[in-house]
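Remember, the working numbering sits 312 above the position in the sequence shown when you count from 1.
This report concerns only the one structure given below.
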Amino acid sequence: ATVRRSQFPGSEEGHSQWKAALKQQQEMRVKPILAKAGWGSEAIARVTTLLSMDGSREDKDMQVLEDATCLVFLQTDLPSMKIEDHGKLVDLLHKTWVKMSPCARSKAIHLEYDAPMLHCLIEAIARDSTPSSPQTPMVAPRFTKACADLLRKSWSELPETFTKEVFERVLAEDKEVYELLSHPVVKEFQNMRKVISRFLGLLEPEAMPQFEKLAHALAVAGHCGGLRLSHIAAMKRAVVRVVTSSWTECS
């Protein structure tokens with residue numbers, strides 16, 4: 313029978329007991345199979361060590377297994393999990409993120425995430441990159457319900473080509489900014505649309521703490537990726553000119 317986590321206490325000690333029992337079960341299953349196949353004791357010990365995931369992070373084989381486990385979790389297990397607590401999701405993604413190698417992290421940001429999950433991932437990545445110095449307090453603007461509804465309605469009516477047109481304009485404005493925003497994590501601009509949609513979904517007063525936290529996380533993650541406040545001007549000009557052009561055509 314499978315050794316389930318629920319069979320042990322929810323404490324850290326219970327977690328350690330569960331891992332020890334799981335390791336013992338794996339050894340009992342694997343050793344006879346490998347011995348029957350003619351494997352030596354040293355090779356069998358190596359396999360059981362890898363399966364237990366108890367090795368050093370310096371062990372390349374162990375890291376490959378860890379990376380594979382994390383990527384499978386992100387791609388197949390995570391979407392089906394029913395975790396509604398935002399903080400718990402961020403914690404879970406952060407724990408997963410720090411286990412992965414740089415190569416696996418690069419693959420992880422290529423995966424598909426819905427807007428809420430992408431929000432959590434951004435916060436998780438930023439948490440790992442946040443400098444030790446305290447952040448400057450930030451207060452997001454407060455909107456009336458009518459203003460928030462208008463912003464959401466306007467965004468929902470934008471054509472699918474809008475983001476592409478903005479990026480083409482950014483290329484004309486500032487090639488450096490365009491190259492920064494052409495990173496695979498942007499996913500052909502789809503992720504940026506999701507992030508903006510997420511911001512628009514957090515305009516109510518009670519959601520402002522999350523709005524501010526996401527903005528801080530984006531700033532930290534963007535800074536680590538080379539994005540600076542000085543780049544905002546080119547991005548703003550690109551958006552304004554595309555909107556102005558579209559408005560002129562409609563008129």
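For each residue, glycine too, the CB sits at the ideal point set by N, CA and C.
Have a look at residue 551 and residue 317 and give me their C-alpha separation to the nearest angstrom. Counting from one through the sequence shown, the residue named residue 551 turns up at place 239. Counting from one through the sequence shown, the residue named residue 317 turns up at place 5. One C-alpha to the other measures close to 51 angstroms.
Helix, strand or coil at residue 445 [DSSP, three-state]: Taking the sequence shown and counting its residues from 1, the one referred to as residue 445 is at position 133. Low per-residue confidence applies at residue 445: pLDDT is 46, beneath 50, and the placement is therefore not dependable enough to give any value.
Own chain partners of residue 445 with C-beta closer than 7 angstroms, once the 5 adjacent residues on each side are dropped: For the purposes of this step, residue 445 is taken as residue 133 along the sequence shown, with counting starting at 1. Reliability of the predicted coordinates at residue 445 is poor, the pLDDT of 46 falling under 50, and no value is obtained from them.
With C-beta atoms as the reference, is residue 523 less than 7 angstroms away from residue 514? As a position in the sequence shown, residue 523 is number 211, starting the count at 1. As a position in the sequence shown, residue 514 is number 202, starting the count at 1. In this structure, residue 514 lies closer than 7 angstroms to residue 523 by Cβ.
How do the region 504-521 and the region 411-428 stand: do at least 3 beta-carbon pairs fall below 8 angstroms, yes or no? yes
Spatially closest choice to residue 458 from 516, 358, 393, by CA coordinates: Position 146 of the sequence shown, counting from 1, holds the residue named residue 458. For residue 458, the closest C-alpha among the options 516, 358, 393 is that of 516.
Rounded distance between the beta-carbons of residue 376 and residue 360, thought under 8 angstroms: Counted from its first residue, the sequence shown places residue 360 at position 48. Counted from its first residue, the sequence shown places residue 376 at position 64. Contact between residue 360 and residue 376 fails: their C-beta atoms lie close to 17 angstroms from each other, not under 8 angstroms.
Secondary structure at residue 377, three-state DSSP: helix, strand or coil? Position 65 of the sequence shown, counted from the first residue, corresponds to residue 377. Here DSSP, grouped into helix, strand and coil, assigns residue 377 to helix.
In whole angstroms, give me the CA-to-CA distance for residue 315 and residue 334. One-based indexing of the sequence shown puts residue 315 at position 3. One-based indexing of the sequence shown puts residue 334 at position 22. Cα to Cα, residue 315 sits roughly 6 angstroms from residue 334.
Buried or exposed: residue 484, going by 16 or more other Cβ atoms within 10 Å of its Cβ? Taking the first residue of the sequence shown as position 1, residue 484 is located at position 172. Label assigned to residue 484: exposed.
Using only alpha-carbon positions, find the residue among 328, 325, 365 that is nearest to residue 339. Indexing the sequence shown from 1 puts residue 339 at position 27. For residue 339, the nearest C-alpha among the options comes from 365.
Short Cβ contact (7 angstroms threshold) for residue 439 with residue 406: Numbered from 1 along the sequence shown, position 127 holds the residue referred to as residue 439. Numbered from 1 along the sequence shown, position 94 holds the residue referred to as residue 406. Yes; because the gap between Cβ atoms is below 7 angstroms, this pair is in contact.
Output the boundary residues of the alpha helix (DSSP H) element that contains residue 511. Counted from its first residue, the sequence shown places residue 511 at position 199. Taken as a continuous stretch (DSSP letters only), the alpha helix (DSSP H) holding residue 511 covers 502-512.
Under 7 angstroms between the Cβ atoms of residue 422 and residue 510? By one-based count along the sequence shown, residue 422 stands at place 110. By one-based count along the sequence shown, residue 510 stands at place 198. Not in contact: residue 422 and residue 510 (Cβ atoms no closer than 7 angstroms).
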